[in-house]
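Written below as structure tokens is the structure these notes are about.
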Amino acid sequence: MDPHERRATVRRRVAAAIGAVLLAAAIALGIAGVVVYTGGSDLGLLLLVAALALLTAGAGLVVSAVRSAADRPR
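The opening position of the sequence shown corresponds to residue 1 in our numbering, with each subsequent residue numbered one higher.
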């Protein structure tokens, strides 16, 4: 494995790890948003919007890493 392949592998792993953390944060914010909104506060909607943004970013990073790994010849 040459240095370029190693760097690409590290980049894919880091992107997947960051994406996983963002997805976990999105799930936590989504749950908090639902709980707060059912309690009667409009702050819950803001939390749900933030969760949607994190979900989109995290899923994008994970999909990008998976596609990059799939395109790589073995």
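Beta carbons are placed, not taken as given, at the ideal position from N, Cα and C, and that holds for glycine.
If you draw a straight line from the Cα of leucine 23 to the Cα of aspartate 2, it comes to about 32 angstroms. Taken through DSSP and simplified to helix, strand or coil, aspartate 42 comes out as coil. Here DSSP, grouped into helix, strand and coil, assigns aspartate 71 to helix. Taking 8 angstroms as the cut-off, the Cβ atoms of glycine 19 and valine 62 count as close. Annotation for alanine 57: Leu22 place their beta carbon closer than 7 angstroms to its own, counting only its chain and skipping 5 residues before and after.
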